[in-house]
Amino acid sequence: MHFRQNRNISMEKKNSSNSEAPTRKLVKILYGGKRFGNHVDEVWPNLFLGDMTVANDRYSVWKLGITHVLNAAHGRSHSEGGPDFYGPSVEYYGVPADDSPTFDLSKYFSTSAKFIHRALEVEEGRVLVHCAVGVSRSATLVLSFLMLHHRLPLVDAILTVKEHRWIFPNNGFLKQLRALDMKLRKRSRKTTTS
Numbered sequence: 001m002h003f004r005q006n007r008n009i010s011m012e013k014k015n016s017s018n019s020e021a022p023t024r025k026l027v028k029i030l031y032g033g034k035r036f037g038n039h040v041d042e043v044w045p046n047l048f049l050g051d052m053t054v055a056n057d058r059y060s061v062w063k064l065g066i067t068h069v070l071n072a073a074h075g076r077s078h079s080e081g082g083p084d085f086y087g088p089s090v091e092y093y094g095v096p097a098d099d100s101p102t103f104d105l106s107k108y109f110s111t112s113a114k115f116i117h118r119a120l121e122v123e124e125g126r127v128l129v130h131c132a133v134g135v136s137r138s139a140t141l142v143l144s145f146l147m148l149h150h151r152l153p154l155v156d157a158i159l160t161v162k163e164h165r166w167i168f169p170n171n172g173f174l175k176q177l178r179a180l181d182m183k184l185r186k187r188s189r190k191t192t193t194s
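In the UniProt record's numbering, the protein residues as written are 1 to 194.
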């Protein structure tokens, strides 16, 4: 799979990065493009975003060469994952998140991003981030990783992932991502002026 940017998306990124995007603008961006997905898609080199169908199938995880699994629906129904399920060859991290606009997923942004980052630094490291459907909780954690470790503004992170998979974080998660985006922009401005 190639991670070359589509020309229209590159232009959209260029135009959108300059200002903070309100939630309704983010929803409009999220509604654009394809509205279907596979059970799993590579959305960044060696970073896979998927649903519980692939996550609950050890053969699929093995076939993808996954070395690390981040389960954004840990402990929830229909999610079989866990350290015992995958065995010693896969490092596991579980986030017990609800796909609810009132759930504070932001408290897991930093630890999840560090888990993904460390996994991708491992030689031949390949990470599967999943939840039930692979479009809201897990997508939110992937977006926060791109923002925290690759310094992508929120809109750019969304467009980057959408090049490979349809995602749709709920409104509460979008607000939490916007808050992270504003915090990172503010921090960036301070370092630039210092």
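Each residue gets a CB set at the ideal place from its N, CA and C atoms; glycine is no exception. None of these values were measured; they are calculated from a predicted model.
- Query: Where does Tyr59 land, buried or exposed, given buried means 16+ other C-beta within 10 angstroms?
  - Reply: Tyr59 counts as exposed, since fewer than 16 other beta carbons sit within 10 angstroms of its beta carbon.
- Message: Measuring CB atoms only, is the region 60 to 70 touching the region 146 to 163, in the sense that at least three cross pairs come out at less than 8 Å?
- Response: A contact is defined here as three or more CB-CB pairs under 8 Å, and the region 60 to 70 fails this definition with respect to the region 146 to 163.
- Message: Taking DSSP's pairing of strands, which residues face Asn71 in a bridge?
- Response: Within the DSSP secondary-structure output, Asn71 pairs in a beta bridge with Gly94 and His130.
- Of the residues Gly82, Ser136, Val122 and Leu128, which one's Cα is nearest the Cα of Phe103? Measuring C-alpha to C-alpha distances from Phe103 to each of Gly82, Ser136, Val122 and Leu128 identifies Ser136 as the nearest.
- Message: Here's the rule I'm using: 16 or more other beta-carbon atoms within 10 Å means buried, otherwise exposed. How should Ala179 be labelled?
- Response: Here Ala179 is exposed. Its C-beta has fewer than 16 other C-beta atoms within 10 Å.
- Pairwise C-alpha distance: Ile116 and Asn46: For Asn46 and Ile116, the gap between their C-alpha atoms comes out near 10 Å.
- Ordered along the chain, which non-local residues of its own chain (more than five positions away) have a Cβ less than 6 Å from that of Gly87? None.
- In angstroms with no decimal places, state the Cα-to-Cα distance between Pro22 and Ala72. Distance between the alpha carbons of Pro22 and Ala72 is about 25 Å.
- Rounded to the nearest angstrom, how far is the Cβ of Ile158 from that of Leu30, given a contact under 8 Å? So it is a contact: roughly 7 Å between Cβ atoms.
- Ordered along the chain, which non-local residues of its own chain (more than five positions away) have a Cβ less than 8 Å from that of Leu154? These residues qualify, in order along the chain: Ala21, Leu26, Leu143, Met147, Leu177, Arg178, Leu180 and Asp181.
- Message: What residue range does the beta strand (DSSP E) around Phe48 cover?
- Response: Secondary structure note for Phe48: its beta strand (DSSP E) is the uninterrupted segment Leu47 to Gly50.
- Query: Where do the ends of the beta strand (DSSP E) carrying Glu42 lie?
  - Reply: Run containing Glu42: Val40 to Trp44, per the beta strand (DSSP E) assignment.
- His164, DSSP secondary structure in three states: DSSP places His164 in coil when its eight states are reduced to three.
- Own chain residues within Cβ distance below 8 Å of Gly75, not counting five before or after: Here Gly75 has Gly94 and Pro96 as same chain residues with Cβ atoms under 8 Å from its own Cβ, once five neighbours each way along the sequence are excluded.
- Return the chain-ordered list of same chain residues with a C-beta closer than 8 Å to the C-beta of Arg151, the five sequence neighbours on each side being excluded. For Arg151, where only same-chain residues beyond five positions count, the Cβ hits under 8 Å are Leu184 and Ser188.
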